[in-house]
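Written out below as structure tokens is the structure these notes cover.
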Amino acid sequence: MNSEFLDLKNLKDLEENLFGLVSDLKTGSSFTSIHEAVDKFLASNIYAPESLPPFTRSAVDGYAVRARDTFGASEIQPALFEIKGEVSMGEKAKISPGRGEAVYIPTGAMLPADADSCIMIEETDRIAEDRIEVFTDVSPGENVIKQGDDIEEDELLLKSGHRLRAQDIGALAGLGITEVEVFDQPEISLISTGDEIVPPGNKKKDGEIRDINTPALAALFEKWGAQTKNYGIVPDRKRDLKKSISDCLSSDLIVVSGGSSVGHRDFTLDAINEIGSPGIIQHGLAVKPGKPTVVGKIDDTLVLGLPGNPASAWVVSCLIVPFVFKTMLERKTSALETRFQVARGKLKNQIASARGRSEYIPVKFLSPHESNLIKPIFGKSNLITTLVEADGFINIEAEKEGLEAGTGIEVYSVDRDLGLHSEERVVKNER
Ligand SMILES: Nc1nc2c(c(=O)[nH]1)N[C@H]1C(S)=C(S)[C@@H](COP(=O)(O)OP(=O)(O)OC[C@H]3O[C@@H](n4cnc5c(N)ncnc54)[C@H](O)[C@@H]3O)O[C@H]1N2
Ligand code: MOO
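Structure (structure tokens):
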């Protein structure tokens, strides 16, 4: 193949290739405290070791009774109950109500053995030290949280591969699970290439450009649960690039930004092929932006060569890296279900698109709270503020020549707050 003509594969074919490449990459696991576990991925199923709640409890402040004794009670014809005592919070219920008897119970306390329901205190009137009138009837189970209502002993709570959220931590704590087995975070090394690229904090000379990709991608990958290592900026010399990739081979994934095309100073391809096998798996992706994407593998490390243009590097990362993660962590997914947050939008403008590559266009919700109108944010893939302005992307499939105004379409975003901050985040009023 003349290397100047890329063999553009579509995303689905790439995923099939990747699945084979990644599924044999081992992700270790270790036990971690639930206090450290948020956002980590479970490495084993979690079953409830006990029921939650562990005992049947009252859902109200009131009286524990036998429901059948309240039958027919009303405002006009209250039922009379004798108070037998009370249940203390945090203790075993010792007194049980017999026929026509009530036991005072606070919200959350253990229901006495023979009681099956509770009456709210405001439905009663204390007419003597040991006597109440009850103005309503209750049915068995009313105002009661049964043992195991939350979860039964041995029931599956969370599946392996699930990414732990704050509410999950609460459920684990409630069940007395203080440590969980989680997958080790995949390690991603980031290498930026280009003689013109300088660190963001540096003074720059004419012709130099500050590094956008490494900081942006490190933030993105960490948000997805990876550990990132920033190798730094490597000049456009094959020897240097080979050394930097070789230095990072202990990582699960190496992401090289820039140098993925076919220019005289684009060495990603050669570097990967020369370091080890199997080397380059694919060069060229039928995605716009992102055409010169490189995928390779050196021993047990996957290497992703991203186009240097910031929007291209971003789109390709969004399309490929979550798939790699999911495959590594679960080791059983054959297709990617959820890569992004998804919302429905309606195109304000007509959009043209060239056939041949599946195109990803940044869009912005015009009025997130009233309608779902979206407008495309056009700009070359060398720009970054198009992405800052955007709420997400739409996809125009490779075989389509564009979309009509008014078309309803899915908007994909890596942000959880899809569309909610459009108004505050305007970078340029009109492009
Ligand atoms: N003859 C051809 N030229 C180009 C083609 C092509 O098919 N034939 N494809 C174009 C496309 S599409 C893209 S995308 C770029 C990809 O080029 P590279 O991956 O080799 O990337 P570079 O040349 O190193 O950089 C491209 C561009 O991006 C800037 N850049 C690079 N790294 C960073 C960074 N970390 N932060 C900010 N900006 C970065 C770099 O300065 C260049 O302007 O190739 C086209 N050319
Ligand atoms: O594919 Mo390039 O990534 O269009 O800008």
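Sequential numbering of the sequence shown, starting at 1192, is according to the numbering used here.
Ideal Cβ placement from N, Cα and C applies to all residues, glycine included.
Query raised in the report: Taking the alpha carbon of Val1294 as the point to measure from, which residue in Asp1252, Lys1591, Asp1328, Ile1267 has its own alpha carbon closest?
Result: Position 103 of the sequence shown, counted from the start, is the residue given in the question as residue 1294. That would be Asp1252, whose Cα lies nearest to the Cα of Val1294.
Report task. Pick out the complete alpha helix (DSSP H) segments inside the region 1491-1561, 4 residues or longer, and give them in chain order. Result -> Complete alpha helix (DSSP H) runs here, min 4: 1501-1521.
Query - Glu1344 beta carbon less than 9 Å from that of Ala1239 - result: Position 48 of the sequence shown, counted from the first residue, corresponds to residue 1239. Position 153 of the sequence shown, counted from the first residue, corresponds to residue 1344. Yes, Cβ-Cβ distance for Ala1239 and Glu1344 is below 9 Å.
Query raised in the report: Short check: CB of Leu1302 to CB of Thr1247, under 9 Å?
Result: Looking up residue 1302 in the sequence shown gives position 111. Looking up residue 1247 in the sequence shown gives position 56. For Leu1302 and Thr1247, yes; Cβs fall inside 9 Å.
Requested in this report: Please state if the CB of Asp1386 and the CB of Asp1438 are separated by a distance shorter than 9 Å.
Outcome: On the sequence shown, position 247 is the one that residue 1438 refers to. On the sequence shown, position 195 is the one that residue 1386 refers to. No, they are not a contact pair.
Query raised in the report: Under 9 Å, do Ser1544 and Ile1600 count as touching if we go by C-beta distance?
Result: For the purposes of this step, residue 1544 is taken as the residue at position 353 of the sequence shown. For the purposes of this step, residue 1600 is taken as the residue at position 409 of the sequence shown. Not a contact, by the Cβ cut-off of 9 Å.
Report task. Please say whether Asn1563 and Arg1535 have beta carbons closer to each other than 9 Å? Result -> Working through the sequence shown from its first residue, we reach residue 1535 at position 344. Working through the sequence shown from its first residue, we reach residue 1563 at position 372. Yes.
Requested in this report: Rounded to whole angstroms, what's the CA-CA distance from Ala1234 to Asp1359? Just pull it up for me.
Outcome: Counting from one through the sequence shown, the residue named residue 1234 turns up at place 43. Counting from one through the sequence shown, the residue named residue 1359 turns up at place 168. So the two alpha carbons sit approximately 14 Å from each other.
Query raised in the report: Is DSSP giving Leu1243 helix, strand or coil here?
Result: Working through the sequence shown from its first residue, we reach residue 1243 at position 52. Residue state for Leu1243 is assigned as strand, using DSSP reduced to three classes.
Requested in this report: Confirm the yes/no value for this check: CB of Arg1401, any heavy atom of ligand 1, distance under 8 Å.
Outcome: By 1-based counting over the sequence shown, the position of residue 1401 is 210. Answer for Arg1401: yes, Cβ within range of ligand 1.
Query raised in the report: Any chance the CB of Asn1500 is under 8 Å from a heavy atom of ligand 1?
Result: Indexing the sequence shown from 1 puts residue 1500 at position 309. Result yes, Cβ under 8 Å from ligand 1.
Query raised in the report: In its own chain, which residues sit with a C-beta less than 8 Å from the C-beta of Leu1197, not counting the 5 before and 5 after it?
Result: Taking the sequence shown and counting its residues from 1, the one referred to as residue 1197 is at position 6. Cβ within range, chain order: Val1453, His1474, Gly1475, Lys1482, Pro1483.
Query raised in the report: Span of the alpha helix (DSSP H) holding Leu1212?
Result: Position 21 of the sequence shown, counting from 1, holds the residue named residue 1212. First-last of the alpha helix (DSSP H) with Leu1212: 1202-1213.
Query raised in the report: When you compare only the Cα positions, how much space is there between Asn1330 and Lys1350?
Result: In the sequence shown, residue 1330 corresponds to position 139, counting from 1. In the sequence shown, residue 1350 corresponds to position 159, counting from 1. Per the sequence shown, the amino acid found at residue 1330 is Ser instead of Asn. Their backbone Cα atoms lie some 36 Å apart in a straight line.
Report task. List the DSSP bridge partners of Ser1330. Result -> Position 139 of the sequence shown, counting from 1, holds the residue named residue 1330. Per DSSP, none; premise fails for Ser1330.
Query raised in the report: If you draw a straight line from the alpha carbon of Gly1597 to that of Asp1204, how long is it in whole angstroms?
Result: Position 406 of the sequence shown holds residue 1597. Position 13 of the sequence shown holds residue 1204. Spanning the two alpha carbons is a distance of roughly 31 Å.
Query raised in the report: Which residues in the same chain have their Cβ closer than 6 Å to the Cβ of Gly1487, if we skip the five residues on either side of it in sequence?
Result: Looking up residue 1487 in the sequence shown gives position 296. The residues are Ile1463, Gly1470, Ile1471, Ile1472, Val1494.
Report task. May I ask which residues mark the beginning and end of the alpha helix (DSSP H) holding Gln1358? Result -> Walking along the sequence shown from the start, residue 1358 turns up at place 167. Residues 1357-1365.
Query raised in the report: With distances taken from CA atoms, which of Tyr1254, Val1278, Ala1300, Glu1282 is nearest Gly1291?
Result: As a first step, residue 1291 must be located in the sequence shown, where it is residue number 100. When only C-alpha atoms are compared, the closest one is Tyr1254.
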